[in-house]
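Chemist: Please find one structure pasted underneath; my questions will follow.
2 protein chains.
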Amino acid sequence: MTEKVKIAVDLMGGENSPDKNLEGINLFVERNQKKNDYFFYFFGDEVKIHNKLNKYKFLKNNYKIFDTKIIVSDDLSAISSIKKGKNSSMWKSITAQTELDADISLSAGNTGVLLVMSKMILKTLEHVDKPALAGLWPNEKNMNVVLDLGANVECSEKNLIDFSEMGSALYKSLFPNDKAKVALLNIGLEEMKGTEVLKAAHAKLKQLDKFGDFEFNGYIEGNQITSGNSNVIVTDGFTGNVALKTAEGTANFLTKSLRKALSENLFSKISTIFSYFSLKRFKNKLDPRKYNGAIFLGLTGPVVKSHGGIDGLGFYYSVDLCYKIAKGKLIDKIKSNLAHSKNINNNNEER
Amino acid sequence: MTEKVKIAVDLMGGENSPDKNLEGINLFVERNQKKNDYFFYFFGDEVKIHNKLNKYKFLKNNYKIFDTKIIVSDDLSAISSIKKGKNSSMWKSITAQTELDADISLSAGNTGVLLVMSKMILKTLEHVDKPALAGLWPNEKNMNVVLDLGANVECSEKNLIDFSEMGSALYKSLFPNDKAKVALLNIGLEEMKGTEVLKAAHAKLKQLDKFGDFEFNGYIEGNQITSGNSNVIVTDGFTGNVALKTAEGTANFLTKSLRKALSENLFSKISTIFSYFSLKRFKNKLDPRKYNGAIFLGLTGPVVKSHGGIDGLGFYYSVDLCYKIAKGKLIDKIKSNLAHSKNINNNNEER
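Chains as they are written, first to last, in my numbering: chain A, 678 to 1028; chain B, 678 to 1028.
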């Protein structure tokens, strides 16, 4: 018998909970009926959950509910959340990794609070200074891992090297047959370009290439993020957050303009009938729900943050992400990768 | 008689010069035949220019050629370009502001060299520490000015305040009937978010709001750049460059995916016939050539950089930009705005 992946889910986080959460998990089970290698720990209001369960027929014998009445509100600061939050569904879903045998935790609640709680409970991995927030980003060939997306406003060269190793481990967990290809986000391709921190990280990453954790592709500029030539895009949390949101904004702006153009007269309206399926496939490929789920990297256990305002299908993708991360042994891969960069970082500290 | 705007053009910079340059200028004259308030100084190889002029029938009595055989090559570093470049078309087109009576200079040559030469010749304005590179960016209502786009990798709070005042002056030169609305690009909207530099700039910009040079809208995130609620987007050169190129990359990625979707089968191909004009208008509105032209702000005279690889229509837009900037009295507006921020910045330096 294969060991089951145990996914601890905060059912109360985000909008429309626990509905969208249960809907997403139900869909995951429906799509993975043949597998019998997963189990869910549910954290939330048991009565509310029970009232919903009859709608989700695939949820049976594959979960256990832990009754937790307190919900981390989006309005609270991280500090006040934590004071009253030790009995919350969010806190409990993380402690499921230390107190139960959960492999990974998932919540759609407040990002800042989830990050603080995760750090408190799971602790930072040895040799890592700062955990990072990694996300998925479509590219022309497949998908990128991009980090940091906002956990660390300012980053040292060591942080960027840790992010490269951890991001590569995440990429390999999700796509075991692909090679992780790291690139540093910069404002030019020449080695002399960019900040001193970037130049130092560039030099060290060239040395780390030989360990085979990743191929190092040097610098890329913002317009090459989606090219697919690199798939682990490393940057500080400020730049990463701005880049991600600018890309989202640009995509919304373009699709809004396109929709307007295609509905402005009869001819263009007719055209959408003919192109319906093509446009649907286009939308489908780039559906942001497919990229739902940011991953906290650098803690002793993996924590995934689903978008708060996402629907059931979007939550499904974050459940699927959790399953893949746990099956892919992410934490083992991170530890193995960090062992390679340890020496290089040590040399650095001695300077 | 109205005084004529004199635009000094480096005809040899960028790809396909002087063709695309002449084509763009010719189009500008064609579209502004009724006006008689502009004049061009051409810098480049007189023989080559003369050979082309018969193609451009609107170019007569509205230009003067200054024969300059040396061209700044894209392969040269800024330093070696300057050594041999003092007789180049680029250098001469900038000195046209100090040695002739030109109001503005335009080149499609190497950005770095143009920036260094411009600083050497025109000098930085009093009270400005660092000139910035500003660009135009479409938004849902009209257009943004975004700066810095890469001239300054690291920026102080004073730089960001200068950029706000200079960017607002540029916006008002281009759109005299609109209000300049400044926003600082950040990774969250709350005042506590972001770097110390951003927080300090935020506090000072709130004080400057009262002078009426601009309305200060606080922070925005990357996904709000195109909303149109703010139109002068201020950030450091690293973040601005990454954001601009990420937006370009996202737009290319989406249009490529869309084109693929719309040509994959017979039905979708038919649809493009029906939607031809709508799609054309969509493309037209977002045509990057319309936003061609980066402006160096903070020098005693204005310099515009056209994209090197742009075509004649794209070059036309940068000529039109030069005309508007000169007519809008950009440098006077910048000086007037900087007089307001001077005191606030002085207080800052005394701390």
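No residue lacks a Cβ here, since even glycine has one placed at the ideal position from N, Cα and C.
Which value, in whole angstroms, describes the spacing of the CA atoms of Thr745/B and Ala685/B?
Modeler: Sequence index remark: in the second sequence, residue 745/B carries index 68 (1-based). Sequence index remark: in the second sequence, residue 685/B carries index 8 (1-based). Rounded to the nearest angstrom, the two C-alpha atoms are 13 Å apart.
Chemist: Tell me, please, whether the CB atom of Ile864/B is closer than 8 Å to any CB atom in chain A?
Modeler: In the second sequence, residue 864/B corresponds to position 187, counting from 1. By this cut-off, Ile864/B is an interface position.
Chemist: Determine the extent of the alpha helix (DSSP H) in which Phe735/A is found, giving its start and end residues.
Modeler: By 1-based counting over the first sequence, the position of residue 735/A is 58. Element bounds for Phe735/A: n/a, residue is neither H nor E.
Chemist: Going by the DSSP bridge assignment, what does Ala860/B pair with across the sheet?
Modeler: Along the second sequence, read from residue 1 onward, the residue named residue 860/B stands at position 183. Answer is Ile910/B, bridged to Ala860/B.
Chemist: Could you spell out where the alpha helix (DSSP H) holding Leu799/B opens and where it closes?
Modeler: As a working mapping, residue 799/B is identified with position 122 in the second sequence. From DSSP, the alpha helix (DSSP H) with Leu799/B extends over Thr788 to Leu799.
Chemist: Out of Glu898/B, Lys849/B and Tyr848/B, state which residue places its alpha-carbon closest to the alpha-carbon of Glu867/B.
Modeler: The sequence position of residue 867/B within the second sequence is 190, counting from 1. Nearest of Glu898/B, Lys849/B and Tyr848/B to Glu867/B, Cα basis: Glu898/B.
Chemist: What residues from chain A crowd round Asn918/B, counting only those whose CB sits closer than 7 Å?
Modeler: Position 241 of the second sequence, counted from the first residue, corresponds to residue 918/B. The contacting residues are Ile864.
Chemist: Would you kindly report the start and end of the unbroken beta strand (DSSP E) that includes Asp687/B?
Modeler: Position 10 of the second sequence holds residue 687/B. Val682 to Asp687 is the extent of the beta strand (DSSP E) around Asp687/B.
Chemist: Would you mind working out which of Phe840/B, Asn908/B and Tyr848/B sits nearest Lys818/B, comparing C-alpha positions?
Modeler: Taking the first residue of the second sequence as position 1, residue 818/B is located at position 141. Of Phe840/B, Asn908/B and Tyr848/B, the residue nearest in Cα terms is Asn908/B.
Chemist: Count Cβ pairs between the segment 843 to 850 of chain A and the segment 972 to 987 of chain A that sit closer than 8 Å; are there 3 or more?
Modeler: Yes, the segment 843 to 850 of chain A touches the segment 972 to 987 of chain A.
Chemist: Closer than 7 Å by C-beta to Val706/B: which residues in its own chain qualify, once you throw out the five before and the five after it? Chain order, please.
Modeler: Position 29 of the second sequence, counted from the first residue, corresponds to residue 706/B. These residues qualify, in order along the chain: Phe735, Leu736 and Asn739.
Chemist: Using a Cβ-Cβ distance under 8 Å, would Phe840/B count as near chain A?
Modeler: Along the second sequence, one-based indexing puts residue 840/B at 163. No, Phe840/B does not count as interfacial toward chain A.
Chemist: Could you tell me if Glu700/A is buried or exposed, where buried requires 16 or more neighbouring beta carbons within 10 angstroms of its beta carbon?
Modeler: Within the first sequence, the letter at position 23 stands for residue 700/A. By the 10 Å Cβ count, Glu700/A comes out buried.
Chemist: So Ile838/A is in the alpha helix (DSSP H); what residue range does that whole segment cover?
Modeler: As a first step, residue 838/A must be located in the first sequence, where it is residue number 161. Glu834 to Leu851 is the span of the alpha helix (DSSP H), which, as asked, contains Ile838/A.
Chemist: I want to verify the contact list: residues of chain A whose CB lies under 9 Å from the CB of Gly827/B, in sequence order.
Modeler: For this step, residue 827/B is matched to residue 150 along the second sequence. Going along chain A in sequence order, the residues near Gly827/B (Cβ under 9 Å) are Ile864 and Gly865.
Chemist: Report the residues of the segment 869 to 902 of chain B with a CB closer than 8 Å to any CB of chain A, ordered along the chain.
Modeler: Cβ contacts with chain A: Gly871, Thr872, Glu898, Gly899, Asn900, Gln901 and Ile902.
Chemist: Can you give the beta carbon distance from Ala811/B to Leu826/B, rounded, assuming they're within the 8 Å contact cut?
Modeler: Taking the first residue of the second sequence as position 1, residue 811/B is located at position 134. Taking the first residue of the second sequence as position 1, residue 826/B is located at position 149. Yes, Ala811/B and Leu826/B are in contact; Cβ-Cβ is about 7 Å, under 8 Å.
Chemist: Would a check of beta-carbon distances place Ala928/A closer than 8 Å to chain B?
Modeler: The residue labelled residue 928/A in the question sits at position 251 within the first sequence. Chain B, which has a Cβ nearer than 8 Å to the Cβ of Ala928/A, makes this yes.
Chemist: DSSP three-state call for Glu1027/B: helix, strand or coil?
Modeler: Stepping through the second sequence from its first residue, residue 1027/B is reached at position 350. Because Glu1027/B carries a pLDDT of 43, less than 50, the predicted location of this residue cannot be relied on, and the following value inherits that uncertainty. DSSP places Glu1027/B in helix when its eight states are reduced to three.
Chemist: Report all residues from its chain with a CB closer than 6 Å to the CB of Tyr993/A; omit the five preceding and five following residues, and keep chain order.
Modeler: As a working note, residue 993/A is residue 316 in the first sequence. Around Tyr993/A: Gly701, Leu704 and Phe705.
Chemist: Less than 8 Å between CB atoms is the rule here; does Arg1028/A satisfy it with respect to chain B?
Modeler: Within the first sequence, residue 1028/A is the residue found at index 351, counting from 1. Bear in mind that a pLDDT of 41 at Arg1028/A, under 50, signals an unreliable position, so the model cannot answer this.
Chemist: Is any non-hydrogen atom of the ligand COA found closer than 7 Å to the C-beta of Thr903/B, if you look at the structure I gave you?
Modeler: No copy of the ligand COA appears in this structure; indeed no ligand is present at all.
Chemist: What separation, rounded to the nearest whole angstrom, lies between the Cα atoms of Phe840/A and Tyr715/A?
Modeler: Numbered from its first residue, the first sequence carries residue 840/A at position 163. Numbered from its first residue, the first sequence carries residue 715/A at position 38. When rounded, the distance between both Cα atoms is 29 Å.
Chemist: Using a threshold of 8 Å, state whether the C-beta atoms of Val749/B and Val724/B are closer than that.
Modeler: Looking up residue 749/B in the second sequence gives position 72. Looking up residue 724/B in the second sequence gives position 47. In this structure, Val724/B does not lie closer than 8 Å to Val749/B by Cβ.
Chemist: Contact check, Asn961/A vs Ile987/A under 8 Å by CB: the rounded distance?
Modeler: One-based indexing of the first sequence puts residue 961/A at position 284. One-based indexing of the first sequence puts residue 987/A at position 310. Their Cβ separation, rounded to whole angstroms, is 16 Å, which puts Asn961/A and Ile987/A out of contact at 8 Å.
Chemist: Excluding the five sequence neighbours on either side, which residues of its own chain have a C-beta within less than 6 Å of the C-beta of Thr912/B, listed in chain order?
Modeler: If you number the second sequence from 1, residue 912/B lands on position 235. Closer than 6 Å at the Cβ level, and outside the excluded window around Thr912/B, lie Leu862.
Chemist: Note down, in chain order, every chain A residue with its Cβ under 7 Å from the Cβ of Phe973/B.
Modeler: The sequence position of residue 973/B within the second sequence is 296, counting from 1. Neighbours of Phe973/B on chain A: none; closest Cβ ~17 Å, over 7 Å.
Chemist: With Ile759/A and Val805/A assumed to form a contact (beta carbons below 8 Å), what rounded beta-carbon distance in angstroms separates them?
Modeler: Stepping through the first sequence from its first residue, residue 759/A is reached at position 82. Stepping through the first sequence from its first residue, residue 805/A is reached at position 128. Not really, about 22 Å apart at Cβ, beyond 8 Å.
Chemist: Using a Cβ-Cβ cut-off of less than 8 Å, give me the residues of the segment 789 to 813 of chain A that come near chain B, in sequence order.
Modeler: So nothing in the stretch comes that close.
Chemist: Helix, strand or coil: how does DSSP classify Val724/B here?
Modeler: For the purposes of this step, residue 724/B is taken as the residue at position 47 of the second sequence. Residue state, collapsed to three classes: helix.
Chemist: Report the CB separation of Leu813/B from Ser995/B in whole angstroms; it is logged as a contact under 8 Å.
Modeler: For the purposes of this step, residue 813/B is taken as residue 136 along the second sequence, with counting starting at 1. For the purposes of this step, residue 995/B is taken as residue 318 along the second sequence, with counting starting at 1. That belief does not hold up - the Cβ atoms of Leu813/B and Ser995/B are roughly 10 Å apart, past 8 Å.
Chemist: What residue does the beta strand (DSSP E) around Ile748/B start on, and which one ends it?
Modeler: Counted from its first residue, the second sequence places residue 748/B at position 71. Here Ile748/B belongs to no beta strand (DSSP E), and DSSP marks it neither H nor E.
Chemist: Tell me the DSSP bridge mates of Tyr718/A?
Modeler: Locating residue 718/A in the first sequence gives position 41, where the first residue counts as 1. Ala685/A and Lys741/A, per the DSSP bridge assignment.
Chemist: Which one of Asn787/A, Tyr896/A, Lys741/A and Lys729/A has the shortest CA to CA distance from Gly762/A?
Modeler: Taking the first residue of the first sequence as position 1, residue 762/A is located at position 85. Ranking Asn787/A, Tyr896/A, Lys741/A and Lys729/A by Cα distance to Gly762/A puts Asn787/A first.
Chemist: Just the C-alpha distance for Ser770/A and Phe720/A, rounded to the nearest angstrom, thanks.
Modeler: On the first sequence, residue 770/A is found 93 positions in, with the first residue counted as 1. On the first sequence, residue 720/A is found 43 positions in, with the first residue counted as 1. So the two alpha carbons sit approximately 6 Å from each other.
Chemist: Tell me which same chain residues have a C-beta within less than 7 Å of the C-beta of Asn894/B, skipping the five on either side of it?
Modeler: Reading the second sequence from its first residue, position 217 is the one you call residue 894/B. Hits under 7 Å: Lys858, Val859, Ala860, Asn906 and Ser907.
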